[in-house]
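Protein chains in written order, with the numbering used here: chain A, 1 to 400; chain B, 1001 to 1382. Single-structure report; data block below.
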């Protein structure tokens, strides 16, 4: 079936009273942005839902994109036919015939918004249903639990038929809830945390700490790859790569071994907060999960958190590792996350890290460092990379 | 020189050779090495994979670079069979496959698998109905070539794919060697799980090929070691060959429609002239369902080899059948399977074009060919 339109429904958005058009407009922008590679596509707002005219673009590929856009509750491919009973009947029949898998039961649901249309909705249901039954085998009507719902929407501009409801990923359109800096290590948890943050409409910018030569170029590439996967849900993502080698070296030289991780994390927090202020973000998102490792005990969180003013969002804080891994697989980051390159958190792991650090002790040990200067220096030397989903990493010109 | 043996091997494009030269000299490090030279090579390797994936609208992880279609076919067939043998031990293929598919299946029989070799009609085509009838509860793999290498016959891949979409447990492998670059290849739409390509069939380098392995499919590897190519094919990646292969892949993909048109013209012209000759029997499908670059025909009473050598003296190069088996003095297994009698099969000749060839080459061929035939007939008294 060659579909020509798509109806997009959004759940939660419709509930927001005064902000609604703001939310809707953001969703329309995000959809247009995601579909910009298909010329000719039009996105229109009609009351309570969106209407996409494909104008020749292939439905399956467009559907794959829509399934990545936050704020979409569900969508249906639609076939438009003229206000003519025979055309409606024929199209309805071929939609059923081409359904794969072929249904055992079906039901027709007509909505006649265009009242001048001569047949009333109940009558339409019977006319279409009878036509389908006459021309197919092994198919029954079930008005309570049909396997296929054939929706017929009669409007003044035409009749719209659909027989499939595909669920979207829900959430809120990215861009309606402000911006947060996501600390992106390259592990399994932080991309999931970023995805969950985006799901609530937050724009994220990634912050990655790079400790060359202690961490490799591959580790950095891995983070770029992860940001690229996340950018499928966001359009594009700004990634800040912060050089941490000097700071880590100084911590190793001047602070007690058991506190190296705690102090390093505090430095990262400070740098991220600076970057947030510079880029207009109002929160920091991390992939911390309570009690997963030594730096994620309640005491550690307190000690690390105490150096920043901005709220720290921890979307996976209460999730089990297995749950996080499942979600990572679902959003497509798992395979990349498990590539075996060391990140800045796994090098220089002390033999016995402190599990119950205190902010006071940490502050005391940090006196050996010139904290503010080091933070400022790292911020100044931060490299910025824009990552986009379809961006072709064509570094070399062999295939041009 | 008139070279009409492009189904055996094509001449590499200059752009391909240039890319290979550059890759071999500037990216010589091992892609698995950790240092920046290795990293540079790895990036080029992954970029090659991405370019290939874009061509087939698939994921980079679904592309396995191999040494050619023989390896791809061996890996696909034996790799699937050995990996999934606890689901069943029955494989379906056709009687007109390339030797690398056929012999892989023969090996599976030695290992206790059962193989159904589907019959082909007079034009070398298998029927979807026969595939359907051959399916059993323990069938795990169906392997059918896209375009027959001897006759040019296009197999009903789309229809078979549609049939197999209803059988989740059965994997579908397509040997697409002779189809790519000439005909469309719709991997997702046709429900293809695995397909094989060979670089030197479309102006890429020899020793290069590809096996597409749909995400989620596991294979029992034929080559184990360092775990390269997702563990499916160990061995240090042949980067220059891969780069040349992908370069040729991209060039052919971009030119496919034009190539089809040009080849079709050559094909029609050749068929038209051939049809007017007496004592010539065209074995390829003439009207519909044939790839545009292969024509197979027999000259009654004359052994193919004799004609080949006679044409060679005039600097014209054609072949008997699949180059991979043509040195054996037996008529082609595939042609016999299509119901050709032994004499017709023994006298079968194959001409195959490439898109940059000109009409005048065909004209020149037909200036020479009838004379050669006439002369041979006199000498051999047929």
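Don't be surprised by glycine CBs; every beta carbon is placed ideally from N, CA and C.
Rounded straight-line distance, which links the Cα of residue 11 of chain A to that of residue 356 of chain A: Here the alpha carbons of residue 11 of chain A and residue 356 of chain A stand approximately 44 Å from one another.
Residue 154 of chain A CB to nearest heavy atom of the ligand MG below 7 Å: Within the structure as shown, the ligand MG is missing, as the structure has no ligands at all.
Sheet register partners of residue 364 of chain A (DSSP bridge): In the DSSP assignment, no residue is bridged to residue 364 of chain A.
Closer than 8 Å to chain B by CB, residue 216 of chain A: yes
Residue range of the unbroken beta strand (DSSP E) whose run includes residue 1258 of chain B: Residue 1258 of chain B -> not in any beta strand (DSSP E); alpha helix (DSSP H) instead, spanning 1239-1275.
Option nearest residue 1218 of chain B by Cα separation, candidates B:1053, B:1075, B:1014 and B:1092: Distances from the alpha-carbon of residue 1218 of chain B to those of B:1053, B:1075, B:1014 and B:1092 put B:1075 closest.
Residue 1363 of chain B: first and last residue of the uninterrupted alpha helix (DSSP H) it sits in: 1359-1380
Beta-carbon proximity list for residue 189 of chain A, same chain, < 7 Å, skipping 5 on both sides: 287, 289, 316 and 324
Residue 295 of chain A, buried or exposed, once every other Cβ within 10 Å from all chains shown has been counted against 16: buried
Contact residues within the region 1003-1034 of chain B, judged by C-beta distance below 8 Å to chain A: 1019, 1022, 1023 and 1034
Best match in B:1134, B:1179 and B:1271 for proximity to residue 1153 of chain B [C-alpha to C-alpha]: Checking every option, the nearest Cα to that of residue 1153 of chain B belongs to B:1179.
Chain-order list of residues whose beta-carbon lies under 8 Å from that of residue 1057 of chain B (same chain, five-residue window excluded): Closer than 8 Å at Cβ, skipping near neighbours: 1187 and 1188.
Selection of the region 317-342 of chain A by Cβ proximity to chain B, strictly under 8 Å: 335
Coil, strand or helix - residue 98 of chain A by DSSP: coil
Host alpha helix (DSSP H) of residue 153 of chain A (start-end): Per DSSP, residue 153 of chain A lies in no alpha helix (DSSP H); the unbroken beta strand (DSSP E) holding it starts and ends at 148-155.
The region 1223-1256 of chain B: positions lying closer than 8 Å to chain A by Cβ: Cβ contacts with chain A: 1243, 1246, 1247 and 1250.
Sequence-distant residues of the same chain with beta carbon closer than 6 Å to residue 1080 of chain B, five excluded per side: If the five residues before and after residue 1080 of chain B are omitted, its C-beta is found closer than 6 Å to the C-beta atoms of 1141 and 1171, all from its own chain and listed in chain order.
Any C-beta of chain A under 8 Å from that of residue 1208 of chain B: no
Residue from A:321, A:266 and A:340 whose Cα sits closest to the Cα of residue 304 of chain A: Selected option, being the one with the closest Cα: A:266.
Partners in chain B for residue 399 of chain A, counting only beta-carbon separations shorter than 7 Å: 1051, 1246, 1247 and 1250
Beta-carbon proximity check, residue 127 of chain A vs residue 106 of chain A, cutoff 8 Å: no
Strand pairing of residue 323 of chain A, partner residues [DSSP]: In the DSSP output, where bridge partners are listed per residue, residue 323 of chain A has none listed.
Span of the alpha helix (DSSP H) around residue 22 of chain A: 20-34
For residue 19 of chain A, the nearest candidate out of A:196, A:173, A:279 and A:233 (CA to CA): A:173
Residue-chain proximity (residue 1164 of chain B, chain A), Cβ-Cβ < 8 Å: no
Inter-residue spacing [alpha-carbon to alpha-carbon] between residue 1157 of chain B and residue 223 of chain A: 40 Å
Stretch pair the region 1269-1285 of chain B + the region 1307-1321 of chain B: three plus CB contacts closer than 8 Å: Judged by Cβ distances under 8 Å, the region 1269-1285 of chain B makes no contact with the region 1307-1321 of chain B, as fewer than three pairs qualify.
DSSP three-state assignment for residue 1139 of chain B, whether helix, strand or coil: strand
Counted within 10 angstroms of its Cβ, other Cβ atoms place residue 191 of chain A as buried (16 or more) or exposed: buried
Contact under 8 Å by Cβ, residue 353 of chain A with residue 261 of chain A: Yes, the Cβ-Cβ distance between residue 353 of chain A and residue 261 of chain A is below 8 Å.
Chain A within 8 Å of residue 1169 of chain B, Cβ atoms only: no
Residue 76 of chain A and residue 157 of chain A closer than 8 Å at C-beta: no
Proximity of residue 407 of chain A and residue 361 of chain A at Cβ, strictly below 8 Å: Residue coverage of chain A in this structure runs from 1 to 400, which leaves residue 407 of chain A outside it and unanswerable.
Any 3 or more C-beta pairs closer than 8 Å across the region 128-137 of chain A and the region 93-104 of chain A: yes
Rounded C-alpha distance that separates residue 55 of chain A from residue 44 of chain A: So the two alpha carbons sit approximately 13 Å from each other.
Bridge partner(s) assigned by DSSP for residue 283 of chain A: As DSSP reads the structure, residue 283 of chain A sits in a beta bridge with A:180.
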